[in-house]
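*Asks:* So the sequence lines, in the order shown, correspond to chains Y and B.
The numbering used here applies: residue 273 is where the first sequence begins, and numbers increase by one.
The numbering used here applies: residue 506 is where the second sequence begins, and numbers increase by one.
All C-beta atoms, glycine included, are put in the ideal place defined by N, C-alpha and C.
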Amino acid sequence: MSRITYQQACLDALAEEMRRDPRVWALGEDLGRGGVFGQYRGLVAEFGPERIADTPISEATIMGAAVGAALVGTRPVVEMRFSDFALCAVDELVNQAAKARFMFGGQARVPMVIRQPIGMWRSSAAQHSQSLEGWYTHIPGLVVVTPATAADNKGLLKSAIRCDDPVVYMEHKDLWQVPDDVPDGPDHLVPLGKARIAQAGSDCTIVTWSRMLSVALQAAGALAKDGLEAEVIDLRTLWPWDRQAVLDSVARTGRLIVAQEAVVVSGFGAEVAATVAEELGPRLKAPIRRLGSPRAPIAYSPPLEDVLRVTADSIADTAKRLCASG
Amino acid sequence: MSDAKHNIDVERLRRHYATMGLIRAFEDAAEQAAREGKVTGAVHSSVGQEAIAVGVCANLRQDDQITTTHRGHGHSIAKGTDPAKMMRELFGRAGGTSGGKGGSMHIADFSVGMLGANGVVAAGIPIAVGAAHGAKLLGNGRVVACFFGDGATNRGPFLEGLNWAKVFTLPVLFVCEDNAFASTTRTKAVTAGDGPAARARAIGLHAADIDGNDVALVDATVAELVARLRAGDGPMFLNCRTYRLRGHTAADAAAYRDASEVEARWQHDPMKLTAEQLQRLGVAESHLAGLRQAATVRVAQALAEAAAAPYPARATAFTDVQDVGAPA
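See the structure below:
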């Protein structure tokens, strides 16, 4: 076990997988200088410019070329820098990568990882801050991964690179420098589609993912001081999501809060809430609550940006109200 | 290069004529089946453009690869895809190239390097560029031909893809089928500048600009361009001037153009031009009629087989989506 950052963890993961499989390569803007967040630092020295490829600012062709290169037997890791920028390549991701296998009757596979960092990152404003993970869960053919810890950013990225399906891999920009205990060695894999109970509890269930995990854990700590035990579940993968882990937990606690950074309307939390309502409705002790951003663009000015954030206080207050009923 | 037609081997030209005739017969049958409601989806005919598909693919090895468009039947046939499997695909039947899951716009045959038609204009360009990028990384010596229409030159991936292929020195032959129409709009009415070849040259590509209805000329030109690809000279561009003799789809009567214009263009039909050339080289019209008849018979058989083939099992609506998180 080593104490390393979220950024170092994914760097290690990519380097290990590139050593393991010569078909793996990475492409995107600025990778030769380490990438915009340093998550490729030093890789070009080990693997050379062919496998750590510096590309033009051509998102559509970065994505589309990766589809073509995947179809012919390589395993590309695509860097989009910001999920906001990946919107320039939505045809290539949604119409091409996600559908090639199906619409060609199973003749082809598209084993590629599409890294598109999400989330608020102080004063990055409306075009560099969005959390768009929910969009891609709507698209058949895609796997969607949202790592919340350094350990997961190593183990999930390695699993994503080994996956034969296209994986939308969404790191959170506010987590790059956050350290965690990460298992050593190249065998640390975290399975896709398995949630993690980050904290056990019996009074209410808080389902979350990505950076909101740390906020939810902070809320759980505050609730503990008031004698309330919240169970915090990190989904880790949004498609497929670990339905059973959530249903088992809510069946025990009878109360559910879904906390996300993304806009609440049509966010992935709606899917979790609807599923729990359908499966456990009459057994719930209190109404389901969704917490997330109001449906407004993200502002630049720090106080305005903060208006949209879900806080530990808001989660804790919501949990207290739920626990007071039923 | 204009005298290339005089140098071509008669037997090679005769084979081109036979393949062009097969494409023509397939397109005519597919359009007819669409009008009769037997083919339920859209059919985009490549009638009038057969010489390009045949002249280009004649210079590719089986393991070389192509990408094509919604108007891609000809390219698939020229690359070696079985027309009977293609017709089954159009009919949405089991045993189609994509198991009935793709239809006309998503025909693919990876066994002959046909990496897929595409329903989105210009979307095949980055995919072809990536296939060539993959070939270069894997060092397998393959080249990729990327077919698209003049309409695609107004989309961003055209610029991005050509630039990418040039800066990475990739073995891609970009083939623009300059058929004068972007869907039902005249391309010239919505396009600035001096055409596809001029745009390619502005990005630094070597670009040839030829009569795409002259199969011998296409063949000879592509032979030279593909040799340069294989030598590692980087991407090449070929603009083939042609004319879409049918509507945008089988359902489009193309009333937006004069009958006299179309009539004049039929005088430059590649089937007619090639037949005349072969006759000048001493091949009897009766022999050419036999080649056309053989194509018609083969397509009629494909049509009958397709109509009689079973639909895919309903469960296949959920197969080949994804392994992780597959439909339950």
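What are the residues in the region 611-623 of chain B lying within 7 angstroms of chain Y by C-beta distance?
*Replies:* Listed by position along the chain: H611, A613, F615, L620, G621.
*Asks:* CA-CA distance, D326 of chain Y and A341 of chain Y?
*Replies:* Roughly 16 angstroms separates the two Cα atoms.
*Asks:* Considering only C-alpha positions, which residue in the set B:C681, B:V677, B:E555 is nearest to H580 of chain B?
*Replies:* Of the listed residues, the one whose Cα sits closest to H580 of chain B is B:E555.
*Asks:* Between A640 of chain B and P383 of chain Y, what straight-line distance do the alpha-carbon atoms span, to the nearest angstrom?
*Replies:* Taking the straight line joining both Cα atoms gives about 16 angstroms.
*Asks:* Could you tell me whether any Cβ in chain Y is nearer than 8 angstroms to the Cβ of L710 of chain B?
*Replies:* No - not a single Cβ of chain Y is within 8 angstroms of the one on L710 of chain B.
*Asks:* Using a Cβ-Cβ cut-off of less than 7 angstroms, give me the residues of the region 791-823 of chain B that come near chain Y, in sequence order.
*Replies:* For the region 791-823 of chain B, which is checked against every Cβ of chain Y, not one residue is closer than 7 angstroms.
*Asks:* Give me whichever residues DSSP pairs with W511 of chain Y in a beta bridge.
*Replies:* Partner(s): Y:V416.
*Asks:* Candidates B:A633, B:M610, B:G526, B:V648: which alpha carbon is nearest D568 of chain B's?
*Replies:* For the residues B:A633, B:M610, B:G526, B:V648, the minimum Cα distance to D568 of chain B belongs to B:V648.
*Asks:* Specify the secondary structure class of H410 of chain Y as computed by DSSP and reduced to three states.
*Replies:* H410 of chain Y: coil per DSSP, three-state reduction.
*Asks:* Quick check on the burial criterion: 16 or more other C-beta atoms within 10 angstroms. Buried or exposed for G709 of chain B?
*Replies:* G709 of chain B should be labelled exposed.
*Asks:* Among all the DSSP beta bridges, which residues are the ones paired with S565 of chain Y?
*Replies:* Answer is Y:V535.
*Asks:* Determine, using beta carbons only, whether H580 of chain B comes closer than 8 angstroms to chain Y.
*Replies:* No, because no Cβ of chain Y sits closer than 8 angstroms to the Cβ of H580 of chain B.
*Asks:* If you draw a straight line from the alpha carbon of G629 of chain B to that of M335 of chain Y, how long is it in whole angstroms?
*Replies:* Rounded to the nearest angstrom, the two C-alpha atoms are 12 angstroms apart.
*Asks:* Could you tell me if the beta carbon of F531 of chain B falls within a distance shorter than 7 angstroms of some heavy atom in the ligand ATP?
*Replies:* As far as ligands go, the structure on display features none, and thus does not contain the ligand ATP.
*Asks:* Under the rule that 16 or more other beta-carbon atoms within 10 Å means buried, what is L510 of chain Y, buried or exposed?
*Replies:* It counts as buried.
*Asks:* According to DSSP, simplified to helix, strand and coil, what is F679 of chain B?
*Replies:* Looking at F679 of chain B - three-state DSSP - the assignment turns out to be strand.
*Asks:* Identify the residues that DSSP records as bridge partners of G646 of chain B: which are they?
*Replies:* Note: G646 of chain B sits in no beta bridge, so no partner.
*Asks:* When DSSP builds the beta bridges, which residues end up paired with L299 of chain Y?
*Replies:* Answer is Y:A325, Y:V350, bridged to L299 of chain Y.
*Asks:* Ends of the alpha helix (DSSP H) at T333 of chain Y?
*Replies:* Its alpha helix (DSSP H) spans residues 331-343.
*Asks:* Nearest CA to the CA of G656 of chain B: which residue from B:G737, B:N718, B:R691?
*Replies:* The shortest C-alpha separation from G656 of chain B is found at B:R691.
*Asks:* Could you pull out every unbroken alpha helix (DSSP H) segment of at least 4 residues lying fully inside the region 582-659 of chain B, listed in chain order?
*Replies:* Counting only runs of 4 or more, we get 588-595, 629-643.
*Asks:* Could you check whether G654 of chain B and N684 of chain B sit closer than 8 angstroms to each other, using their CB atoms as the reference points?
*Replies:* It is a contact, given that the beta carbons lie within the stated cut-off.
*Asks:* Report buried or exposed for I329 of chain Y, applying the criterion of at least 16 other Cβ atoms within 10 angstroms of its Cβ.
*Replies:* Looking at its Cβ environment, which holds fewer than 16 other Cβ atoms inside 10 Å, I329 of chain Y is exposed.
*Asks:* Under the rule that 16 or more other beta-carbon atoms within 10 Å means buried, what is M592 of chain B, buried or exposed?
*Replies:* M592 of chain B comes out buried.
*Asks:* How big is the Cα-Cα spacing for A535 of chain B and S765 of chain B?
*Replies:* Computed Cα separation, rounded: 25 angstroms.
*Asks:* Any residues in the region 597-608 of chain B with a beta carbon nearer than 8 angstroms to a beta carbon of chain Y? Which ones, in chain order?
*Replies:* Here the close residues are G601, T602, S603, G604, G605, K606, G607.
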